[in-house]
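Under this note's numbering, think of the first position of the sequence shown as 17, with each following residue one higher.
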Amino acid sequence: MNDHTFKTGVERALLSAGFERHGKLLRRHDSSVWTLVGTEKGFGQQWHINVGFWLEALGAACPAQVEKTHLYFRLERLFPEHHETIASAGALDDQKQSEAFGKLNALLVGEIERGLRALGTEAGLRSAMAAGRLTQGLITKEAREHLRRA
17 MNDHTFKTGV
27 ERALLSAGFE
37 RHGKLLRRHD
47 SSVWTLVGTE
57 KGFGQQWHIN
67 VGFWLEALGA
77 ACPAQVEKTH
87 LYFRLERLFP
97 EHHETIASAG
107 ALDDQKQSEA
117 FGKLNALLVG
127 EIERGLRALG
137 TEAGLRSAMA
147 AGRLTQGLIT
157 KEAREHLRRA
């Protein structure tokens, strides 16, 4: 598999799960939170899927980069139970990559899509924060304070 095939495969799965293309990103709006997803090349042949959440209460203009959102995570850190599948699917030089990519696509339109939908609300983010699920990523100070207030 090459870079283009990986990126377009992830995009196709997310588009079929209700995300919309916005430049190089895929995004979805639910109540007062934007969920953004993008792919990023890591070292060697490793690709990552990044997820960001933008809280409209902290700014109306949703950014064009996942890295500029209020909360930002690698997909495998939001779904640690699927870490191996997600990491292997993005390792284009891994012998098990093709099999892992097939599993990842099924997860992106199934369990992971449902998980992102649940996280993509202020209530979902608050609940995940309280449960300790959001410790492996970046959360801006203003987002942390906002989510703790309610």
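Quick reminder that beta carbons are idealized off the backbone N, C-alpha and C, glycines included. Given the structure is predicted, the values throughout are model-derived calculations rather than measurements.
- Remark: three or more beta-carbon pairs, one from each stretch, lie closer than 8 Å, so the region 37-56 and the region 131-145 are flagged as touching.
- CA-to-CA, the gap between Gln-61 and Ser-104 works out to about 11 Å.
- Boundaries for Glu-97: no beta strand (DSSP E) harbours it, and the DSSP string shows neither H nor E there.
- Between Thr-21 and the set Gly-148, Thr-151, Ala-107, Thr-156, the nearest pair of CA atoms involves Ala-107.
- Ser-32 is not a Cβ neighbour of Thr-137, given a cutoff of 7 Å.
- For Ser-143, the closest alpha carbon among the candidates Arg-164, Thr-156, Arg-93, Arg-90 is that of Arg-164.
- For Glu-36, the pairing in a beta bridge is given by DSSP as Arg-43.
- Using a Cβ-Cβ distance cut-off of 8 Å, the region 69-82 and the region 118-129 are not in contact, since fewer than three pairs of beta carbons, one from each stretch, lie closer than that value.
- Here Leu-74 has His-86, Glu-158, Ala-159, His-162 as same chain residues with Cβ atoms under 7 Å from its own Cβ, once five neighbours each way along the sequence are excluded.
- Judged by DSSP secondary structure, Asn-66 falls within the beta strand (DSSP E) whose first and last residues are 63-71.
- A residue is called buried once 16 or more other Cβ atoms fall within 10 Å of its Cβ, and Phe-59, having fewer, is exposed.
- For Arg-149, the secondary structure class from DSSP, reduced to helix, strand or coil, is coil.
- Counting along the chain, the unbroken alpha helix (DSSP H) around Leu-135 starts and ends at 127-135.
- Measuring C-alpha to C-alpha distances from Tyr-88 to each of Glu-97, His-99, Phe-69 identifies Phe-69 as the nearest.
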